[in-house]
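Structure first, then comments.
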Amino acid sequence: MNKTLKVALIGLFVFIIALGAFAGGLVVGHIFPFDNLPAEIAPSAGAPEQEATASPEQEAATPEELQTLFAPFWEAWTLVHENYVDQPVDDVALMRGAIDGMMAALGDKHSSYMYPEEYKLANESLEGSYEGIGAYVDTTTDYLTITSPISGSPAEEAGLLPGDKIIAIDGEDMTGIDAELARRKVLGPAGSTVVLTILREGKDAPFDVSIVRARITIASAEGEMLEGNIAYIRVATFGPNTTPELNAALNELMPQKPKAIILDLRNNDGGYLQTSVEVASQFMGEGVVLHEQYGDGKRDTYEVIPGGRV
196 MNKTLKVALI GLFVFIIALG AFAGGLVVGH IFPFDNLPAE IAPSAGAPEQ
246 EATASPEQEA ATPEELQTLF APFWEAWTLV HENYVDQPVD DVALMRGAID
296 GMMAALGDKH SSYMYPEEYK LANESLEGSY EGIGAYVDTT TDYLTITSPI
346 SGSPAEEAGL LPGDKIIAID GEDMTGIDAE LARRKVLGPA GSTVVLTILR
396 EGKDAPFDVS IVRARITIAS AEGEMLEGNI AYIRVATFGP NTTPELNAAL
446 NELMPQKPKA IILDLRNNDG GYLQTSVEVA SQFMGEGVVL HEQYGDGKRD
496 TYEVIPGGRV
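Just add 195 to the spot in the sequence shown (first one is 1) and you have the numbering used here.
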């Protein structure tokens, strides 16, 4: 059930993990190993009986101590189905909204509910190819912020600039919406159109930009030699191609005997835990790369893989 998508860097390398799968979607945090597919948990197709209690089927699947706790939830569920003016209501939308609210209540922006279609797009980006507008973004700000359009991408062709804030997507106000969730809304099938409302420094008012999404292909790791004999390596994701691409970059750069190396992890999209360990091990001689801490107190330790190049 452990899966992931994000990475945090503290000092040299610290990778943190959060995870989960629920009701056909995924709760994702910083990093997860791709071991097993999660089991899907299907919501009840209809409302419970009149009482503010679970149905017999729900009672059988719910620990006794939670049945009383969730009584208000089922009462609200019943009231919506009985009294909401626009019937029938969408049960799946209600279920997903409840999960979104549960994630928001954690107060952790790295924990969120990911719908199956969003999860598919996120996995594609790990392969070095995804469908979207083609821009590096900052998800740590109040609004999703462009840090750099990818060369030749729809974002660049549309004139997006570093520092542009996306305050609405297809007319939906992004105020108060987690920037990571906003990022997922920008992704979409190649050929489809997304309208971004941009707030740009120096402009008197926000303005709309219409962008046709495309398939974006980027290297997960690449390097070059800068002035002053300084090697520069950018790692964009921790996907299946990252380790061989990093090795190729090191094979090109290390014979030139650089006096320093810049390892750029800005806007890294995260990826596979094992790949992050492999990347870190190239720059660490020995010791612990990361600890994976679980809610039940279990703790896994990942040590440096011998044979690092730097």
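Where a beta carbon is used, it is the ideal one built from N, C-alpha and C, also for glycine.
All figures in this text were calculated on a predicted structure; none of them were measured in a lab.
Check Glu-422 in the structure and name its three-state DSSP category. coil
So, helix, strand or coil for Gln-469, using DSSP? helix
Can you give me the Cβ contacts of Arg-395 inside the same chain, cut-off strictly under 6 Å, excluding the 5 residues immediately before and after it? Asp-359
Assigned secondary structure, Val-287 (DSSP; H/G/I helix, E/B strand, else coil): helix
Element boundaries [alpha helix (DSSP H), containing Phe-268]: 266-278
On a Cα-Cα basis, can you pick out the residue from Ser-387, Arg-379 and Arg-410 that is closest to Asp-464? Arg-379
Hey, quick one: how far does the beta strand (DSSP E) through Lys-380 stretch, first residue to last? No beta strand (DSSP E) contains Lys-380, which is instead part of the alpha helix (DSSP H) from 374-381.
Close-in-space but distant-in-sequence residues of the same chain around Ala-242 (CB under 7 Å, 5 per side omitted): Per-residue confidence for Ala-242 stands at a pLDDT of 33, beneath the threshold of 50, marking its modelled position as unreliable; the derived number appears in the next sentence. Counting only Cβ-Cβ distances below 7 Å, and skipping sequence neighbours, we find Trp-272, Thr-273 and His-276.
Cβ-Cβ separation, Ile-457 to Ile-413 (assumed contact under 8 Å), whole Å: That pair is no contact at about 19 Å.
What three-state label does DSSP hand Pro-311 in the structure shown? helix
Stretch-stretch touch, CB-based, cutoff 8 Å, three pairs: the region 296-307 with the region 341-360: no
For Ser-415 and Gly-323, which I take to be in contact (beta-carbon distance under 8 Å), what is that distance rounded to the nearest angstrom? 5 Å
Going straight from the alpha carbon of Asp-230 to that of Lys-304, what length do you get? Confidence at Asp-230 is low in this model, with a pLDDT of 34, below 50, so the placement of that residue is unreliable and no value is reported for it.
Would you mind sorting Pro-344 into buried or exposed? The rule is 16 or more other CB atoms within 10 Å of its CB. buried
With DSSP collapsed to three states, give me the class of Thr-342. strand
State yes or no: is the C-beta of Ile-328 within less than 8 Å of the C-beta of Val-381? yes
Close beta carbons around Met-420, own chain, < 8 Å, minus the five adjacent residues each side: Ala-426, Tyr-427, Leu-448, Gln-451 and Pro-453
Taking DSSP's pairing of strands, which residues face Glu-417 in a bridge? Arg-429
Assuming contact is defined by CB atoms lying nearer than 8 Å, are Glu-422 and Ala-444 in contact in what I supplied? no
Have a look at the DSSP bridge pairing and note the partners of His-486. Thr-496
For Phe-433 and Val-474, which I take to be in contact (beta-carbon distance under 8 Å), what is that distance rounded to the nearest angstrom? 7 Å
Using beta-carbon positions only, say whether Val-332 and Leu-321 come within less than 8 Å of one another. no
Buried versus exposed, by CB contacts within 10 Å (16 or more), Val-222: Residue placement at Val-222 is flagged as unreliable, the pLDDT there being 36, under the threshold of 50; a coordinate-derived value is accordingly withheld.
Give the C-beta separation of Leu-391 and Ile-411 to the nearest angstrom, bearing in mind that I take them to be a contact with Cβ-Cβ under 8 Å. About 16 Å separates the two Cβ atoms, so there is no contact after all.
DSSP beta-bridge partners of Leu-458: Ile-428
What residue from Gly-480, Ala-455, Ala-409 and Thr-438 has the CA that sits closest to Leu-468's CA? Thr-438
Taking DSSP as the reference, what is the three-state secondary structure of Gly-292? helix
Per-residue burial, Leu-441 [other beta carbons within 10 Å of its own, 16 or more giving buried]: buried
Rounded to the nearest angstrom, what separates Met-369 and Asp-403 at their Cα positions? 14 Å
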